[in-house]
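The structure appears below as structure tokens.
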Amino acid sequence: MTTPSLETALAALPWARAIDTRPGRIAIAAPGVDPIVMAEALGGLGLRLGTITGIPLASGETRLVYHFVAHDRIVDVATTTVGNRIASLTPRLKPASWAEREIHDFFAVDFVGHPDPVPLMRPEGFEPGMLRAPMCAARRAGAFDAATREVA
Amino acid sequence: MAYTIPIGPYHPALEEPFKVKAACDGEVIRSAVVEVGFSFRGIELLAQQRNWTEVLTLVERVCGICSNTHAMCFSMAAEAIAGITVPRRAQFIRLIVAELERLHSHLLWAGVGAEDIGFASLFMEVYQARERVMDLLEAMTGNRVNYGMNRIGGVNRDIGDPAAALAGLAGLGEVLKSVVVPAFVENVTARSRLIGVGPLGREEAIARGVVGPVARASGLDMDVRRDQPYLVYEELGFRPSVHPQGDVFARVVVRVEEMLESVRLIDAALRALPEGPIAAFEGMAAIPAGEATIRIEAPRGEVLYHIVADGGPTPARVKIRTPSFVNIPAIEAMVPGQQLADLSIIQASVDPCISCTDR
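Protein sequences appear in the order of chains A and B.
Going by numbering that gives the first Met the number 0, the first sequence opens with residue 0, and the numbers climb by one from there.
Going by numbering that gives the first Met the number 0, the second sequence opens with residue 0, and the numbers climb by one from there.
Written as structure tokens, this is what we have:
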């Protein structure tokens, strides 16, 4: 897949906002996107889901970055949960399963429709969201939002 | 008679803790469920509590085998955010250490694999060859495991005597060609235990999102070193190894061929090592606000780091996705219909790293 064709195809996606193209990486802001619609569109372009990054926000929501892999670059799609909930990709994409279970353990995100939302990393005696407070506390107050505004 | 046998977390075949619950009918496995998380250390949280230089030391301890991979990938992500160009000599040195690490990892795996199929003499031969790699790494970096070679902007230590390294490498290459390769590829005992065992077809491999040697042994022609070239792989003409059979034997053959390619790459890099500085600057790096996602080809496959910087002294987020995190779940697809006695080598064929997976 050549560089112009992927960029053109991504630019045509109705949910894609603020596409930022850098060497080796295309970052897409997709506020409010339905992850299933997003995954089906990117899968149709031949992209593979690499993993999902969860970033807990002070507001109680979680920023999710879906890392898709094209042949020669990464396509990152960033969105934010609503009520710390979002649709699960697992019924359609198996590689999402462990990533979503881990994010549930760490940040208590409810992946609606996950077929087997059992703990992955969370030890017995810990509640979902065990890293949420310490990760927010470890970050400089307010600085994170400024750093990610361009793609969030 | 149907029954479920829990294997692990203290594992009979591997050093690290993970669990496989195998549902069997007699000696045949019907299905399996893998459980991880027994070694969870919270490294991604700890990375937010240390400065950029300290995080290098931290992430190098994600894994005792691919330690260089993690430090290098983190460095590359920080360099991408800060717009730092790594000097060419440092890029060559990074490639040399990365490929030595691949040799170390694949040989360690080959030893474990030999033991799993009851081939004790091969285990000893392989570990003897691995010692040669450890000697080379120690001579170059001063360390046998966590090499401490990477810094943001370059490497910490120069290779002062490439000729000595070339001599050691030649000896290693001979041992690989004369002992390790034929022992795994031609030996009747090894072949009879590996061919047709633990199949993962191409379509299932795609559906599972597997990476690295596991993917290439299922016919997926993917390798970050070629697909999204970094360091000087493109310049040295890297060639991936791909086999379509999808069984344990194919995973062995891919790794064996990769070892020979690693020797060739290290040889070429040592001979072409350019003059120049080994770091872009002195002192600690200042990383501005920004984000980067970097992937490189670790010995077990694609590693992915997503780093967020807020301009402060510590990273705002460090996400680490290791190859084992996506390869280990594929064990569940490899074992239905297989003999319970083969479960050990099927698991091992993924080269699972629990330390990486759990972080």
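Beta carbons: idealized from backbone N, C-alpha and C, even for Gly.
A quick note: this is a predicted structure, and the numbers were derived from the prediction, not measured.
Check                                                                                                                          : Outcome
Burial state of R207/B (16 or more Cβ within 10 Å)                                                                             : buried
Within 8 Å, strictly: CB atoms of R250/B and F237/B                                                                            : no
DSSP three-state assignment for I83/B, whether helix, strand or coil                                                           : coil
Bounding residues of the beta strand (DSSP E) (the contiguous stretch that carries P5/B)                                       : A1 to I6
Interfacial residues, the segment 32-63 of chain A to chain B, with Cβ spacing under 7 Å                                       : R47, L48, G49, T50, T52 and I54
Whole-Å CB distance - V253/B paired with S240/B, under 8 Å assumed                                                             : 5 Å
Touching by the beta-carbon criterion (3+ pairs, under 8 Å), the segment 172-187 of chain B and the segment 296-307 of chain B : no
Secondary structure of C72/B, DSSP reduced to three states                                                                     : helix
DSSP state of M0/A mapped onto helix, strand, coil                                                                             : Below a pLDDT of 50, predicted positions are generally treated as unreliable, and M0/A, at 47, falls in that range; the measurement from the model is reported next regardless. Coil, per DSSP.
Boundaries of the beta strand (DSSP E) in which L303/B is found, first to last residue                                         : G300 to A308
I277/B burial status per 10 Å Cβ neighbour count (16 or more: buried)                                                          : buried
Chain B contact residues for A17/A, given Cβ-Cβ distances below 8 Å                                                            : Within chain B, no residue comes near A17/A; the closest Cβ sits about 13 Å away, beyond 8 Å.
Minimum Cβ-Cβ distance from L44/B to chain A less than 8 Å                                                                     : yes
Paired residues, beta bridge with Q338/B - DSSP                                                                                : V27/B
Chain-ordered residues of the segment 72-97 of chain A with a beta carbon less than 8 Å from chain B                           : R72, I73, D75, L92, K93, P94, S96 and W97
Start and end residues, beta strand (DSSP E) containing V76/A                                                                  : I73 to T79
Residues that E114/B bridges to, as DSSP identifies them                                                                       : In DSSP, E114/B forms no bridge with anything.
C-beta atoms of G289/B and I42/B nearer than 8 Å                                                                               : no
Residue range of the unbroken alpha helix (DSSP H) whose run includes H70/A                                                    : Note, H70/A: premise wrong, no alpha helix (DSSP H); not H, not E.
Cβ contact check for the segment 125-137 of chain B and the segment 100-110 of chain B: 3 or more pairs under 8 Å              : yes
Cβ neighbours of G128/A in the same chain (closer than 6 Å, five flanking residues each side left out)                         : F106 and A107
Pairwise C-alpha distance: A15/A and L9/A                                                                                      : 7 Å
Chain A contacts from the segment 197-216 of chain B (Cβ-Cβ distance under 7 Å)                                                : A206, R207 and G208
Closer than 8 Å to chain B by CB, L107/A                                                                                       : Residue identity check: residue 107/A is Ala in the sequence provided, not Leu. So no, A107/A is outside the interface.
Whether I95/B touches I6/B by CB criterion (8 Å)                                                                               : no
Buried/exposed call for A146/A, threshold 16 Cβ in 10 Å                                                                        : Here the model assigns A146/A a pLDDT of 41, short of 50, so the residue's position is not dependable and the matter cannot be decided.
For R192/B, the first and last residue of its enclosing alpha helix (DSSP H)                                                   : V187 to L193
C-beta neighbour in chain B for L5/A, strict 8 Å                                                                               : no
At least 3 beta-carbon pairs within less than 8 Å: the segment 14-33 of chain A vs the segment 68-87 of chain A                : yes
Where M382/B falls, given that 16 or more other Cβ within 10 Å makes a residue buried                                          : Not covered by the structure: residue 382/B. The range shown for chain B is 0 to 358.
Cross-chain neighbours of A132/A in chain B, by beta carbon under 7 Å                                                          : In chain order: nothing, as chain B lies at least about 10 Å away.
V247/B beta carbon less than 8 Å from that of G151/B                                                                           : For the record, residue 151/B in the displayed sequence is Ile; it is not Gly. No, Cβ-Cβ distance for I151/B and V247/B is not below 8 Å.
Partner residues on chain B for G128/A, Cβ-Cβ distance less than 9 Å                                                           : In chain order: nothing, as chain B lies at least about 13 Å away.
Bounding residues of the alpha helix (DSSP H) (the contiguous stretch that carries F110/A)                                     : First-last for F110/A: D109 to V111, but that is the beta strand (DSSP E), not the alpha helix (DSSP H).
Test: P351/B CB closer than 8 Å to a CB of chain A                                                                             : no
Closer than 8 Å at the beta carbon, the chain B residues around P122/A                                                         : G36 and F39
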